[in-house]
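Trainee: This structure is in structure tokens; I'll ask about it shortly.
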Amino acid sequence: MIKLAVNLSMIFTEVPLIERFALARAQGFSHVEIQFPYELSIEQIQTQLTVHDLTLCLINAPAGDLMQGGNGLAGIPGKEIEFRQAVDQAIVYANALHVPSVNILAGRQPQDADLLPCLNTLSSNLKMACQMFSAHGIQPVFEMINGTDMPRFLIQNIAQAQEILEAVRHPALKMQYDCYHMAMMGENILEGLEENIDFIGHIQFADCPARQEPDTGKIDYAPIFSWLKQSRYAGYTAAEYRPSQASENTFAWKDKYFT
């Protein structure tokens, strides 16, 4: 059975983050994810989770200036201390809020840096993060992000993700598989899932190319969701899209594919 979640950072943005938990529950969700929860205190989030009987299944580790157009932290030589501090902060939130997985964003290759030192830094930082997260029973995942939306991102496709797993060689580390990003990169989404499911720790979905809800673009989600339902995948599957209209009116896919 698929453990379905909704992303509170991209959906229900009509209201402040602290008010989105109630809206998720009103739409029938039991699980939520937040990209960067740090604008809220642990106590604020815990109250919302408790009141609305929700679990928080995924957060991102702080990523420095990445979301503001900068290079980020994890794969950037010279940012190792900041990255460790980011992992420390993510552990505090994940421990207190019982979050099972934390996503690590690799970052962008700086325009004045060679690729290999960045990848070596990323591998080294991921090894450290795996040790730190594993000591607390938290699963680290890392995400492939398409190069159109985020130029120079260090990990853009499945082959590159496989190379990182091989370089890090830590059993806790898994891919975060975002169907939208894989479609943007020209990957076959279903084949990618079938061939890598044992190495995937978290799945996200949106349609392509506008990154809106399913059935608004080019991706046929019927076979994807059908396969996931009968697969051995035990992680969460989260809606992470930009609603094409008022968020509350974009959940036809939920009844179509998950009831």
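Counting from 0, one number per residue, gives the positions in the sequence shown under numbering that gives the first Met the number 0. Even glycine gets a Cβ: it sits at the ideal position worked out from N, Cα and C. Values in this document were obtained by computation on a predicted structure and should not be read as measured data.
(1) Run through the DSSP bridge pairs and tell me what A151 is partnered with.
(2) Could you work out which residue in D52, S122, L114, P36 is closest to Q88 when comparing CA atoms only?
(3) In its own chain, which residues sit with a C-beta less than 6 angstroms from the C-beta of N124, not counting the 5 before and 5 after it?
(4) Please say whether N70 and P116 have beta carbons closer to each other than 9 angstroms?
(5) Determine the DSSP secondary structure at C129, reduced to helix, strand or coil.
(6) Comparing C-alpha positions only, which one of S225, D219, F11 sits nearest to Q244?
(7) Taking buried to mean at least 16 other C-beta atoms within 10 Å of its own C-beta, is N94 buried or exposed?
(8) From Y256 to F224, what distance separates their C-alpha atoms?
(9) Mark A134 as exposed unless 16 or more other C-beta atoms lie within 10 angstroms of its C-beta, in which case mark it buried.
(10) Could you tell me whether the Cβ atoms of E239 and S8 are closer together than 9 angstroms?
(11) Go ahead and label R168 buried or exposed: buried means 16 or more other beta carbons lie within 10 angstroms of its beta carbon, across all protein chains shown.
(12) T12 by DSSP, collapsed to three states: which one?
(13) Buried or exposed: which applies to E329, given that a residue is buried once 16 or more other Cβ atoms fall within 10 Å of its Cβ?
(14) Rounded to whole angstroms, what's the CA-CA distance from G136 to A171? Just pull it up for me.
(15) Compare the Cα-Cα distances from S246 to each of A4, Q26, I17 and report the closest residue.
(16) In this structure, does DSSP put L55 in helix, strand or coil?
(17) Using 8 angstroms for Cβ pairs, my map puts I188 next to C178. What's the rounded Cβ distance?
Mentor: Walking through what the data contain:
(1) The identity of residue 151 in the sequence shown is Arg, whereas the question assumes Ala. Note: R151 sits in no beta bridge, so no partner.
(2) P36
(3) A73, F82
(4) no
(5) C129 falls in the helix class under three-state DSSP.
(6) F11
(7) exposed
(8) If you take the alpha carbons of Y256 and F224, they lie about 7 angstroms apart.
(9) exposed
(10) yes
(11) exposed
(12) DSSP places T12 in coil when its eight states are reduced to three.
(13) As shown, the chain starts at 0 and ends at 258. That puts residue 329 outside it, with no answer to give.
(14) 9 angstroms
(15) Q26
(16) Per DSSP, reduced to three states, the secondary structure at L55 is strand.
(17) 5 angstroms
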